[in-house]
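Enquirer: Structure provided below as structure tokens; questions to follow.
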Amino acid sequence: MTTSERIMRGEQFLEGLFDPSLGLLPEYPGHQTYWLYHDNYLAANLLEKSHPDISRRIRASISGFGVYGSGKIEIVFGEVLNPLPFRGYELIKVATVGDKVVGTERVTEGVAKGWRRYADLLLLASMAQSGRAARKDFFAAEDMWNGAGFLDVVARHTGVFATYKLSLYLIAARRLRIPSIPEVLPCLCAMQNSEGGWITDYKNNPTSPVGFANVETTCLALLALK
3 MTTSERIMRG
13 EQFLEGLFDP
23 SLGLLPEYPG
33 HQTYWLYHDN
43 YLAANLLEKS
53 HPDISRRIRA
63 SISGFGVYGS
73 GKIEIVFGEV
83 LNPLPFRGYE
93 LIKVATVGDK
103 VVGTERVTEG
113 VAKGWRRYAD
123 LLLLASMAQS
133 GRAARKDFFA
143 AEDMWNGAGF
153 LDVVARHTGV
163 FATYKLSLYL
173 IAARRLRIPS
183 IPEVLPCLCA
193 MQNSEGGWIT
203 DYKNNPTSPV
213 GFANVETTCL
223 ALLALK
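Numbering-wise, the numbering used here comes out as the position in the sequence shown, counting from 1, plus 2.
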């Protein structure tokens, strides 16, 4: 399958999840929770060109709930004014609409400690910086690659690899113009399911997926491919 075909199928997966009654996408098919950040923020950006009407409706819905950022995921689009140092983040409920729950992630005041043990935060930090500091954090994350996934503190604890960290790695490598590890892209592509979405996690290798295809993982995979 070509990259263009993968992107088209991924966008179709997202389009199929759009709930016109809320103007948002649920976390994954059949779920009743709708995350403004990161999920719908990412979806609005990824669908901006291919599905501009859906993108506009998502943005309007996010604004309608009075939420204007999370302070972290926007790093991938260069939309955070002061991304570092990383702080604590919490998931909160914004509203309940019938049997549907709208939530979001928001930044707290406390500075995060030990964040360099997490591959995703290292990669986000590399995108938030430039020069030597950016490369230092990028290569610190790359050193966690064990041939199957990024073996950071979370993967060591849970025994599973997170698909979205593959995407962040490829996005950061492209941003910094650093050649990526050749095995990462095929690994990411292998996590796309038959419906076009990307599955959240895997054990040992992509032939042993864990979890469901969801909005956040799919959006970041699309951004990596684009």
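Just so it is clear, CB atoms sit at the ideal spot from N, CA and C, and this is done for glycine as well.
All of these numbers come straight from a predicted model, not from anything done at the bench.
Can you tell which of 169, 151 and 78 has the C-alpha that lies nearest to the C-alpha of residue 39?
Expert: Of 169, 151 and 78, the residue nearest in Cα terms is 78.
Enquirer: At the level of alpha carbons, what is the spacing between residue 175 and residue 185?
Expert: Approximately 13 Å between the Cα atoms of the pair.
Enquirer: Would you report the Cα separation of residue 96 and residue 66, rounded to the nearest angstrom?
Expert: Their backbone Cα atoms lie some 11 Å apart in a straight line.
Enquirer: Does DSSP put residue 35 in a helix, a strand or coil?
Expert: Note: residue 35 maps to strand in three-state DSSP.
Enquirer: On a CA-only basis, which of 204, 99 and 189 is nearest residue 227? Give me that one, please.
Expert: Ranking the options by Cα distance to residue 227, first place goes to 189.
Enquirer: What number of angstroms, rounded off, separates the C-alpha of residue 144 from the C-alpha of residue 121?
Expert: Straight-line Cα distance between these residues: approximately 8 Å.
Enquirer: For residue 213, I'd like the list of residues in its chain whose CB is within less than 8 Å of its CB, leaving aside the five on either flank, ordered along the chain.
Expert: Excluding positions up to five away in sequence, the list reads 201, 202 and 203.
Enquirer: So the candidates are 223, 24, 146 and 64; which of them puts its Cα closest to the Cα of residue 99?
Expert: It is 24 whose Cα lies nearest to the Cα of residue 99.
Enquirer: What is the DSSP secondary structure of residue 211, reduced to helix, strand or coil?
Expert: Strand at residue 211.
Enquirer: Can you round the beta-carbon distance between residue 150 and residue 195 to whole angstroms, since I take them to be within the 8 Å contact cut?
Expert: About 19 Å; that fails the 8 Å criterion.
Enquirer: With a 10 Å radius around its C-beta and 16 neighbouring C-beta atoms as the bar for buried, classify residue 208 as buried or exposed.
Expert: Its Cβ being crowded by 16 or more others within 10 Å, residue 208 is buried.
Enquirer: Of the choices 178, 221, 42 and 104, whose alpha-carbon is the least far from that of residue 127?
Expert: Nearest C-alpha to residue 127: 178.
Enquirer: Output the residue ranges of the beta strand (DSSP E) runs that lie fully inside the stretch 58 to 105 and measure 3 residues or longer, sorted by chain position.
Expert: DSSP runs (the beta strand (DSSP E)) wholly in the stretch 58 to 105: 89 to 99.
Enquirer: In the DSSP assignment, find the beta strand (DSSP E) that holds residue 219 and state where it starts and stops.
Expert: Segment 217 to 227 is the alpha helix (DSSP H) holding residue 219; no beta strand (DSSP E) there.
Enquirer: Hey, out of 105, 156 and 33, whose CA is closest to residue 68's CA?
Expert: Looking at the Cα atoms, 105 is the closest of the given residues.
Enquirer: Which value, in whole angstroms, describes the spacing of the CA atoms of residue 28 and residue 21?
Expert: Cα-Cα distance, rounded: 8 Å.
Enquirer: Are the Cβ atoms of residue 87 and residue 109 separated by less than 7 Å?
Expert: No; because the gap between Cβ atoms is not below 7 Å, this pair is not in contact.
Enquirer: Using the Cβ count rule (16 or more neighbours within 10 Å means buried), how would you classify residue 107?
Expert: It counts as buried.
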